[in-house]
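**Student:** Protein chains in written order, with this note's numbering: chain E, 8 to 214; chain S, 8 to 214. All C-beta atoms in this analysis are idealised placements derived from N, C-alpha and C, irrespective of residue type, glycine included. The structure's right below; bear with me while I get my questions together.
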DNA sequence: GTCTATAGCTGGATAGAC
DNA sequence: GTCTATCCAGCTATAGAC
């Protein structure tokens, strides 16, 4: 209504944007059902209530759709991981972090595959979409650093543990919790061997 | 030559068997190049020096080819993992085990995907092929048990660590060694938190 | 922007001669 | 068993009317 004349972002752009989002939403619904690689533009158009050529009015190619999905997934990942509460206690924070990560991955396997595995043959995310993903991973690093883990090798070991648990869970016990139950054990193991550096000097009041 | 009349395994069967193996070999060459899902029967036939219908003289369907590949991969996995030397020292044995596993996975990513990830839409290994894979995984369990690790949760954590390192290596640093270098750290972490049970009582003569 | 219609291609799988 | 020829389904993508 009062959306008046913001330069370049008028109702026209809004319409187009929401139409694009509707297509992407339909794409998510399909890949969650038929698998990431099984997406076809025919099905997509039908699901979105339009025809195939209309899809091309909004996306240049099928990969452009994957790219939009990738960007959205990265945003969702950032939001999901930012929602975890920080207490300052290393153990509970690491458990929360890992649980949140696992929940994100498992709640949408297709999204996990798109974002973290490279399973679509000709697809590589655009620089723009990839930027979101990098930002999300940076955040993980920052949070771990706040807990006293700064050694890059430690960070790599941490991500390996996380993806390993998630990967085994998805591949070998889908729908179950055989590996999810091990999250606390994994964190304890990690903490026992790599005690966090002493309090990261919470000296940031001044500024 | 002296292969005479072994009942049911005459030269006819041998010819057929070697023809099948040639097709499977061509399939491996193709998937290593174009990705596991990118395999097409046209390309396969061309690579094998035959025509598409001839492929069907040896395999009922494309999935039957994947199945033969799966069985072969499982056999190779068992052989590769059996080649690692056992010293009885937990640390060096675990490092060797994990290194061997990583080497196997990384040396042929398509094989890794076929065997350990479920990435081909309509494909599930036959009971026969799957049996080989189960045997191979059993062997891992037995070897860990010999080192004093019998808790099934421990085994799951161990496999998660292994696949996590391999997965990160393949996905995020293909051709490099960023995660491979962490194998020793990972083993130390594992050992520090879960010291193996005292010598597995090599007293099993009786029985 | 949205449609109908279709091009153009590639896929797995089969028929039938030899 | 191996071929030529082909079917039929699916796909991405485009042309052109409205």
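Roughly how many angstroms separate the alpha carbons of residue 8/E and residue 17/E, rounded to a whole number?
**Tutor:** Note that residue 8/E scores a pLDDT of 48, beneath 50, so its modelled location is shaky; the value from the coordinates is reported in the next line. Going from the Cα of residue 8/E to the Cα of residue 17/E covers about 11 Å.
**Student:** Where residue 168/S and residue 201/E are concerned, what is the direct C-alpha to C-alpha distance, given to the nearest angstrom?
**Tutor:** So the two alpha carbons sit approximately 16 Å from each other.
**Student:** Can you tell me whether residue 201/E sits near the ligand NAP, meaning its C-beta is under 7 Å from at least one heavy atom of the ligand?
**Tutor:** Only the bare structure without any ligand can be found here, which leaves the ligand NAP out of the picture.
**Student:** With DSSP collapsed to three states, give me the class of residue 138/E.
**Tutor:** It is helical.
**Student:** Roughly how many whole angstroms lie between the Cα atoms of residue 66/E and residue 52/E?
**Tutor:** Looking at the two C-alpha atoms, the distance is approximately 12 Å.
**Student:** I'd like to know whether the C-beta atoms of residue 203/S and residue 164/S end up nearer to each other than 8 Å.
**Tutor:** No; because the gap between Cβ atoms is not below 8 Å, this pair is not in contact.
**Student:** Just the C-alpha distance for residue 125/S and residue 195/S, rounded to the nearest angstrom, thanks.
**Tutor:** Whole-angstrom Cα-Cα distance: 30 Å.
**Student:** Please list the terminal residues of the continuous alpha helix (DSSP H) segment that includes residue 70/S.
**Tutor:** Looking at the DSSP string, the run of the alpha helix (DSSP H) that includes residue 70/S is 69-89.
**Student:** Please return the same chain residues whose Cβ sits closer than 8 Å to the Cβ of residue 190/E, not counting the five positions on each side in sequence.
**Tutor:** Cβ within range, chain order: 102, 105, 106, 109 and 172.
**Student:** Report the neighbours of residue 186/S on chain E: residues whose CB is nearer than 7 Å to its CB, in chain order.
**Tutor:** What residue 186/S touches in chain E: 163 and 167.
**Student:** Looking only at C-alpha atoms, which of 117/E, 36/E, 62/E and 80/E sits nearest to residue 181/E?
**Tutor:** Closest by alpha carbon: 117/E.
**Student:** Give me the residue from 19/E, 43/E and 32/E with the minimum Cα distance to residue 122/E.
**Tutor:** Closest option to residue 122/E, Cα to Cα, is 43/E.
**Student:** Just to make sure I have the definition right: I need the residues of chain S whose C-beta is within less than 8 Å of the C-beta of residue 123/E. Which are they?
**Tutor:** Chain S residues near residue 123/E: 178.
**Student:** Excluding the 5 residues flanking residue 120/E on each side, which residues of the same chain have their C-beta closer than 8 Å to its C-beta?
**Tutor:** The residues are 43 and 126.
**Student:** Here's a check: name, in chain order, each residue in its chain whose Cβ is nearer than 7 Å to the Cβ of residue 48/S, leaving out the five neighbours to either side.
**Tutor:** Correct list, in chain order: 59, 62 and 69.
**Student:** Are the segment 69-78 of chain S and the segment 29-42 of chain S touching by the rule of at least three beta carbon pairs closer than 8 Å?
**Tutor:** Output reads yes: the segment 29-42 of chain S touches the segment 69-78 of chain S.
**Student:** Any Cβ of chain S within less than 8 Å of the Cβ of residue 10/E?
**Tutor:** Because residue 10/E sits at a pLDDT of 47, beneath the cut-off of 50, its placement in the model cannot be relied upon, and the point is left open.
**Student:** How would you label residue 94/E, buried or exposed, when you count the other beta carbons within 10 angstroms and need 16 or more for buried?
**Tutor:** Classification for residue 94/E: exposed.
**Student:** Who are the neighbours of residue 200/E on chain S, taking C-beta pairs under 8 Å?
**Tutor:** Within 8 Å Cβ-Cβ: 195, 196, 199 and 200.
**Student:** Taking the alpha carbon of residue 137/E as the point to measure from, which residue in 111/E, 92/E and 79/E has its own alpha carbon closest?
**Tutor:** Considering only alpha carbons, the answer is 79/E.
**Student:** Would you identify the three-state DSSP class for residue 61/E, choosing helix, strand or coil?
**Tutor:** The answer is helix: DSSP assigns residue 61/E an H, G or I state.
**Student:** Could you name the residues of the segment 43-64 of chain S whose beta carbon sits closer than 8 Å to any beta carbon of chain E, in the order they occur along the chain?
**Tutor:** Here the close residues are 44 and 45.
**Student:** The alpha helix (DSSP H) spanning residue 47/S covers which residue range?
**Tutor:** Residue 47/S -> no alpha helix (DSSP H), and no H or E assigned at all.
**Student:** Residue 100/S CB to nearest chain E CB: under 8 Å?
**Tutor:** For residue 100/S, the answer is no, since every Cβ of chain E falls outside 8 Å of its Cβ.
**Student:** Measure the alpha-carbon distance for residue 76/E versus residue 152/S and round it to whole angstroms.
**Tutor:** Cα-Cα distance, rounded: 44 Å.
**Student:** How many angstroms separate the CA atom of residue 111/S from the CA atom of residue 41/E?
**Tutor:** Looking at the two C-alpha atoms, the distance is approximately 30 Å.
**Student:** Using DSSP with H/G/I as helix, E/B as strand and the rest coil, what is residue 159/S?
**Tutor:** Residue state, collapsed to three classes: helix.
**Student:** Would you kindly report the start and end of the unbroken alpha helix (DSSP H) that includes residue 114/S?
**Tutor:** Neither: residue 114/S is in no alpha helix (DSSP H) and is coded neither H nor E.
**Student:** Looking at the unbroken alpha helix (DSSP H) that takes in residue 35/E, where does it start and where does it end?
**Tutor:** Taken as a continuous stretch (DSSP letters only), the alpha helix (DSSP H) holding residue 35/E covers 18-41.
**Student:** Counting only beta-carbon atoms, is residue 182/E nearer than 8 Å to chain S?
**Tutor:** Answer no: the Cβ-Cβ gap between residue 182/E and chain S never drops below 8 Å.
**Student:** If you compare alpha carbons, which of 144/E, 81/E and 35/E is closest to residue 135/E?
**Tutor:** Out of 144/E, 81/E and 35/E, 81/E has the C-alpha closest to the C-alpha of residue 135/E.
**Student:** Identify, in the order they occur along the chain, each residue of the same chain with its Cβ nearer than 7 Å to the Cβ of residue 55/S, setting aside the five sequence neighbours on each side.
**Tutor:** The residues are 29, 30 and 33.
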